[in-house]
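Before any comments, here is the structure.
Chains as they are written, first to last, in UniProt numbering: chain A, 1 to 399; chain B, 1 to 148.
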């Protein structure tokens, strides 16, 4: 890019940034701010980040995500004290990250400290993990454990929470401050601050309404999004895994048969291989070589097993047993009550089918099978524990 | 010490795990966040806009609580309505020669829009996140094998 182009691009970027940080001033106590004329070290950008967003934008945000009645109505939970915030002040709390407080204190030392979403973030994170895990377990009963954990991260993890917050239009409303990492605590980046907002809102809905309502919120905005589960299930040796899985289910030994082929000995052959257990077709795969087609067929069979999905009308979630009234520490669910009432007829909770656990091959260090990424031969306990890693390629620090 | 073998496939990093959006599949988030009406107090080109602001804008704001409605007096300029969207774009419509019900139509246009840039449908190829809705045809999976 030439110098002229670079200058134009950077100017355009600066203007765009200026447009983003423009704030409305009608709700401020004093404008222009008195410190602008008095002190010579006035930084308009810092001043702009310190001002709260206008109440109209907070109210519009609440209605945009369908929480107009929940947050802005004057009712409050039974455990709340008289000084607890309500309405837009409550929403303000959910939109304020704890990193904002030191910056605020530095510039306004005499003002009361703003309330932050630190506690709400923790509660909401736990709730979201609970809802995602129970739904995934009920919807995909045979999903391998590490894949289930990865799927929970994909659905309600920090990146997804930050993306959902951006799609809601939280960026101009969020109050935060970028802090570099220190030896005692990690850095606070924009995604960290953004991801705290949906969690805080989940916790708010839980305290102001009920757990089933919070669950509905998470299902609507997070569990309805698309995650590619198929891409998370990978195999080093799918044929071996399939033969052991079929043996576990007590079926006939898998046999691969060539279903169709074309172009053998040409430069672009195609083979379609099916793997049969007896007369049941388990899976089909294509490839430009017989081995590749067989590999894909074994992978396909295992995917069809692991990704079997419970139909939504047969889905039963454990949290349907929670009461639909506001949560209170003094409520004890009586032993006879196991019905979630008032939720459109949820009915009695019936536990779903327990899926068969995934086959873990290379089940002890004595077999001599090397496992991925973990040192082998450190002792009996380690060998047993690490036996499962050989099959699934979900890496990262998921364990 | 033990031995490690290389992973057979690319590792999936936890920090990269994410979901893709599906606005409208279950819940819908309207894309407009703010409407700004700019008008002049004196000029006759703003007369219809002033009528609209006196009679209809309050009902509009009540009917659309997800939108911030701002009325801005800008003297000696033509009247406009500006819509701000969640993708950081804005759309501006001039209300200079509009009757009051035409102003309502323009405002409704802004309320319904997603803020995306209007691109011609003529020469764009299909854009999709999925391969196909009905599956991709395969000559190997027909009742009778396909013969060229």
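We put the CB at the ideal spot given by N, CA and C, even for glycine.
Review point. Got a sec: which bits of the segment 1 to 21 of chain B sit with their beta carbon under 9 Å from any beta carbon on chain A, in order along the chain?
Key: 1, 2, 3, 4, 5, 6, 7, 8, 9, 10, 11, 12, 13, 14, 15, 16, 17, 18, 19, 20, 21
* Please list the residues of the segment 27 to 49 of chain B that have a C-beta atom closer than 7 Å to any C-beta atom in chain A, keeping them in chain order. => Listed by position along the chain: 27, 29, 30, 33.
Residue 100 of chain A - DSSP class collapsed to helix/strand/coil = Of the three classes helix, strand and coil, the one that applies to residue 100 of chain A here is helix, per DSSP.
In the structure shown, what three-state DSSP assignment does residue 131 of chain B receive?
coil
Worksheet item: Based on Cα-Cα distance, which residue from B:54, B:36, B:47, B:49 lies nearest to residue 57 of chain A?
Response: B:36
Across the segment 142 to 157 of chain A and the segment 312 to 327 of chain A, are there enough close Cβ pairs to call them in contact, namely three or more that are closer than 8 Å? no
Checklist entry - What does a CB cutoff of less than 6 Å around residue 36 of chain A pick up in its chain, not counting 5 residues either side in sequence? => result 42
- Query: Between the Cα of residue 403 of chain A and the Cα atoms of A:356, A:318, A:257, which residue gives the shortest distance?
  - Reply: Nothing about residue 403 of chain A can be read from this structure; chain A reaches only from 1 to 399.
**Report entry** heavy atom of the ligand PLP below 7 Å from residue 158 of chain A C-beta
**Finding:** No copy of the ligand PLP appears in this structure; indeed no ligand is present at all.
With 16 other Cβ atoms within 10 Å as the buried cut-off, status of residue 97 of chain B | exposed
Nearest residue (CA-CA) to residue 252 of chain A, options A:232, A:216, A:242, A:190: Comparing Cα-Cα distances from residue 252 of chain A to each of A:232, A:216, A:242, A:190, the minimum goes to A:242.
**Asked** Using DSSP with H/G/I as helix, E/B as strand and the rest coil, what is residue 239 of chain A?
**Response** If DSSP states are grouped into helix, strand and coil, residue 239 of chain A belongs with the helices.
Could you check how far apart the C-beta atoms of residue 238 of chain A and residue 290 of chain A are, in whole angstroms? I think they sit under 8 Å. Contact flag wrong, Cβ pair sits at about 15 Å.
Please report whether the beta-carbon of residue 65 of chain B lies at a distance below 8 Å from any beta-carbon of chain A. yes
(Q) Assuming residue 140 of chain A and residue 233 of chain A are in contact, meaning their beta carbons sit under 8 Å apart, how far apart are those beta carbons, in whole angstroms? (A) With 8 Å as the limit, residue 140 of chain A and residue 233 of chain A do not qualify as a contact, their Cβ atoms being about 11 Å apart.
- Item | Residues that residue 25 of chain B contacts on chain A, provided the C-beta gap is smaller than 9 Å | 224, 225, 226
Proximal residues, the segment 68 to 84 of chain B versus chain A, C-beta separation under 7 Å: 68
Next item on the list: Please classify residue 300 of chain A: is it buried, with 16 or more other beta-carbons within 10 angstroms of its beta-carbon, or exposed?
Entry: By the Cβ neighbour-count rule, residue 300 of chain A is buried, with 16 or more other Cβ atoms within 10 Å of its own.
When the cut-off is 8 Å and only beta carbons count, does residue 86 of chain B lie next to chain A? yes
| Outcome for residue 93 of chain A when other beta-carbon atoms lying within 10 angstroms are tallied against a minimum of 16 | buried
Quiz item: Any idea what DSSP makes of residue 258 of chain A, helix, strand or coil?
Solution: strand
Query raised in the report: Excluding sequence positions up to five away, which residues of its chain have a Cβ less than 8 Å from the Cβ of residue 159 of chain A?
Result: 191, 195
Identity of the residues DSSP links to residue 221 of chain A by a beta bridge:
Partner(s): none; residue 221 of chain A has no beta bridge.
Checklist entry - Is the shortest distance between the beta-carbon of residue 288 of chain A and the beta-carbons of chain B less than 8 Å? => result no
* Asked: With residue 110 of chain B and residue 91 of chain B assumed to form a contact (beta carbons below 8 Å), what rounded beta-carbon distance in angstroms separates them?
  -> 6 Å
Can you check whether the C-beta of residue 209 of chain A is within less than 8 Å of a C-beta belonging to chain B? no
### Task
Look at the alpha carbon of residue 120 of chain A and the alpha carbon of residue 102 of chain A, and state the distance between them as a whole number of angstroms.
Taking the straight line from one Cα to the other gives about 19 Å.
Original post:
What are the uninterrupted segments assigned as alpha helix (DSSP H) that are 4 or more residues long and contained completely in the segment 8 to 66 of chain B, given in chain order?
Top reply: 47 to 55, 57 to 63
Along chain B, in chain order, which residues have C-beta atoms closer than 7 Å to that of residue 234 of chain A? 9
Do the segment 250 to 265 of chain A and the segment 43 to 59 of chain B make contact, defined as three or more Cβ pairs closer than 8 Å?
No: fewer than three Cβ pairs fall under 8 Å.
Quiz item: Looking only at DSSP bridge pairs, what is residue 91 of chain B linked to?
Solution: B:83
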